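In UniProt numbering, the protein residues as written are 1 to 137.
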């Protein structure tokens, strides 16, 4: 457009290269979207950005963030091991694989009350009270 001012309008190029090519490449990357670029394009764009091969801090952070997001997405979409997939039947896991696992689970057992004189006295008092109240249930 008419109102756009560019770096090249004010300063001469150091290497004599055209910066418009790099700017067009950056705009193309923005149009492609975050999830559409492959790993090979990311590596190439790192080398092509900037005159001296240096990448701006913002662009470096954005590329790093895109890579982290892509890695996390791949990890979430990847198939999980049978240990992490919830309830698994025998046919869904390798043979004898449960023997190799360290499995822990809770036992639903109640501890027996310790018989003390106070405990037996409280039981006797409860029995006497029920007999007195004629509560036979």
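A virtual CB, placed ideally from N, CA and C, is assigned to each residue, including glycine. Predicted model only: the values in this text are computed from it and were never measured.
Same chain, Cβ closer than 8 Å to residue i, five either side skipped, listed in chain order
i, result
"residue 92", "82, 85"
Nearest-angstrom Cα separation, counted from residue j out to residue i
i, j, result
"residue 63", "residue 7", "23 Å"
"residue 75", "residue 101", "23 Å"
"residue 137", "residue 131", "11 Å"
"residue 112", "residue 70", "55 Å"
"residue 78", "residue 115", "57 Å"
"residue 128", "residue 108", "33 Å"
"residue 9", "residue 3", "12 Å"
"residue 88", "residue 118", "49 Å"
"residue 99", "residue 106", "18 Å"
"residue 97", "residue 72", "28 Å"
"residue 59", "residue 5", "21 Å"
"residue 133", "residue 110", "31 Å"
The alpha helix (DSSP H) enclosing residue i, as first and last residue numbers
i, result
"residue 121", "117 to 133"
"residue 10", "7 to 10"
"residue 88", "Per DSSP, residue 88 belongs to no alpha helix (DSSP H) and is neither H nor E."
"residue 100", "Careful: residue 100 lies outside any alpha helix (DSSP H) and carries neither H nor E."
"residue 57", "57 to 77"
Contact test: residue i Cβ vs the ligand GTP heavy atom, cutoff 7 Å
i, result
"residue 6", "Of ligands this structure carries none, so the ligand GTP is not represented either."
Contact with chain D by residue i, beta-carbon distance below 8 Å
i, result
"residue 110", "Any reference to chain D falls outside this structure, which holds one protein chain only."
Close-in-space but distant-in-sequence residues of the same chain around residue i (CB under 7 Å, 5 per side omitted)
i, result
"residue 80", "none"
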